[in-house]
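According to numbering that gives the first Met the number 0, the stretch in the sequence shown is residues 0 to 277, in order.
Think of the CB as a built atom: it goes at the ideal place given N, C-alpha and C, for glycine as much as any other residue.
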Amino acid sequence: MDDVIYLEEPMFADGIIAQAVDEVAADGVAYFSSAGNAARQSYEAPFRDGGSGYHDFDPGPGVNTILNVNLLLGTTFFVLQWPDRYASTAPGNPGAQTDLDIELVYRDGRSFGGMGSFNNNVGRDPTEVFGVTTSGWLLEAGLRIRLKSGKPPPLVKLLWYAERGLGQEQYHTHSSTLYGHMNARGAMAVGAVRYCNTPVYGQSPPLMEYFSSAGGPRSSLRPPAVPRTRCASSPASRRRRAATTRFSAARITATCWTRGRTFTARPPQRRTRPGWPL
Ligand SMILES: [Ca+2]
Ligand SMILES: [Ca+2]
Numbered sequence: 000m001d002d003v004i005y006l007e008e009p010m011f012a013d014g015i016i017a018q019a020v021d022e023v024a025a026d027g028v029a030y031f032s033s034a035g036n037a038a039r040q041s042y043e044a045p046f047r048d049g050g051s052g053y054h055d056f057d058p059g060p061g062v063n064t065i066l067n068v069n070l071l072l073g074t075t076f077f078v079l080q081w082p083d084r085y086a087s088t089a090p091g092n093p094g095a096q097t098d099l100d101i102e103l104v105y106r107d108g109r110s111f112g113g114m115g116s117f118n119n120n121v122g123r124d125p126t127e128v129f130g131v132t133t134s135g136w137l138l139e140a141g142l143r144i145r146l147k148s149g150k151p152p153p154l155v156k157l158l159w160y161a162e163r164g165l166g167q168e169q170y171h172t173h174s175s176t177l178y179g180h181m182n183a184r185g186a187m188a189v190g191a192v193r194y195c196n197t198p199v200y201g202q203s204p205p206l207m208e209y210f211s212s213a214g215g216p217r218s219s220l221r222p223p224a225v226p227r228t229r230c231a232s233s234p235a236s237r238r239r240r241a242a243t244t245r246f247s248a249a250r251i252t253a254t255c256w257t258r259g260r261t262f263t264a265r266p267p268q269r270r271t272r273p274g275w276p277l
């Protein structure tokens with residue numbers, strides 16, 4: 000039984016941990032893993048070019064290349080993946096053919112100066128991860144996804160893990176959030192249930208808590224069985240460090256956990272307490 004998640008685990012393939020879970024399950028081991036507490040905090044859609052390579056979040060005839068979000072006090076991690084080849088799943092895998100980037104921006108599209116994740120994914124994994132820590136109650140911002148090179152992927156999938164919640168204002172798809180080794184065929188993912196919502200207290204079947212991660216990610220590119228290998232730490236992980244932006248207008252400090260970049264920004268943010276349901 001484990002209660003661990005690694006944000007860079009593949010969503011659309013069996014990563015090396017998922018392969019290990021399947022291996023021990025095949026030997027008769029019962030493997031349990033926490034499903035996580037991400038509810039349905041995920042957006043997914045086919046990649047639509049809204050101009051200049053930016054994804055169009057509006058599924059209708061309109062074009063909107065920015066997804067409005069509200070970051071609350073604390074740290075929020077964002078994970079972007081798309082169906083492609085993963086280099087880390089087995090030795091010799093060619094890796095991704097498409098390169099996407101994700102960026103946190105002002106809602107009018109101006110850049111914060113490089114808050115986001117901008118790895119060269121070609122030949123590596125189709126994964127971008129970054130985190131933002133804010134010192135204020137509310138940071139109004141936007142997310143945008145850019146196709147840097149390669150073919151537009153059939154799907155972009157975005158998840159977030161927020162210390163105090165993140166407000167997605169539009170284009171909800173309420174997609175699945177359970178991925179990685181807890182989503183392996185041999186694993187049993189464990190959700191949370193309040194004790195009073197169990198058969199002992201008359202609730203049958205048990206009622207899962209709303210915040211438990213929902214299952215169902217597609218694994219369209221599951222690789223064939225391959226020998227396991229050790230996963231070297233990525234260049235991104237080795238070079239990751241914090242860069243800090245001081246939002247002087249609102250006295251909100253935001254720290255972007257991404258590769259070495261320095262930021263300067265003066266967004267006109269309000270210091271108000273959030274009033275929307277999480
Ligand atoms: Ca559209
Ligand atoms: Ca990239």
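Is residue i helix, strand or coil by DSSP?
{"i": "F97", "result": "The residue asked about is misnamed: residue 97 is Thr in this sequence, not Phe. Reduced to three states, the DSSP call for T97 is coil."}
{"i": "A186", "result": "strand"}
{"i": "G179", "result": "helix"}
{"i": "V285", "result": "Residue 285 lies beyond the residue range present for the chain, which begins at 0 and ends at 277; the question has no answer from this structure."}
{"i": "V121", "result": "strand"}
On a CA-only basis, which of the options is nearest residue i? Give me that one, please.
{"i": "N67", "options": "T75, F56 and T74", "result": "F56"}
{"i": "T75", "options": "L146, P90 and G164", "result": "G164"}
{"i": "E102", "options": "P205, E8, V131 and E162", "result": "V131"}
{"i": "T92", "options": "R106, V199, A12 and V192", "result": "For the sequence presented, residue 92 should be read as Asn rather than Thr. Considering only alpha carbons, the answer is A12."}
{"i": "D2", "options": "R84, N36, S110 and G61", "result": "N36"}
{"i": "F117", "options": "G108, L157, E127 and R109", "result": "E127"}
{"i": "R193", "options": "Y178, L158, F210 and E139", "result": "F210"}
Can you give the Cα-Cα distance for residue i and residue j, rounded to whole angstroms?
{"i": "I4", "j": "G112", "result": "30 angstroms"}
{"i": "P58", "j": "S51", "result": "17 angstroms"}
{"i": "Q96", "j": "L137", "result": "37 angstroms"}
{"i": "S41", "j": "E168", "result": "13 angstroms"}
{"i": "Y105", "j": "G190", "result": "36 angstroms"}
{"i": "L142", "j": "L70", "result": "11 angstroms"}
{"i": "A34", "j": "E22", "result": "20 angstroms"}
{"i": "R47", "j": "Y53", "result": "8 angstroms"}
{"i": "P198", "j": "A44", "result": "38 angstroms"}
{"i": "T133", "j": "E162", "result": "10 angstroms"}
{"i": "R27", "j": "G185", "result": "Residue identity check: residue 27 is Gly in the sequence provided, not Arg. Their backbone Cα atoms lie some 10 angstroms apart in a straight line."}
{"i": "M207", "j": "A188", "result": "12 angstroms"}
{"i": "Q18", "j": "A89", "result": "10 angstroms"}
May I ask you to list the residues that DSSP assigns as paired with residue i?
{"i": "E127", "result": "L79"}
{"i": "G141", "result": "N67 and V104"}
{"i": "D48", "result": "H54"}
{"i": "Y85", "result": "Paired residue(s): none; Y85 is not in a bridge."}
{"i": "S116", "result": "I101"}
{"i": "S32", "result": "D1 and A188"}
{"i": "L157", "result": "Y42 and L79"}
{"i": "L165", "result": "L70"}
{"i": "M207", "result": "V192"}
Compute the beta-carbon to beta-carbon distance between residue i and residue j, rounded to the nearest angstrom, for a pair I have assumed lies under 8 angstroms.
{"i": "T176", "j": "A38", "result": "7 angstroms"}
Among all residues, which have a Cβ less than 5 angstroms from at least one non-hydrogen atom of ligand 4, and in what chain order do they fall?
You won't find ligand 4 in this model; what it holds is ligand 1 and ligand 2.
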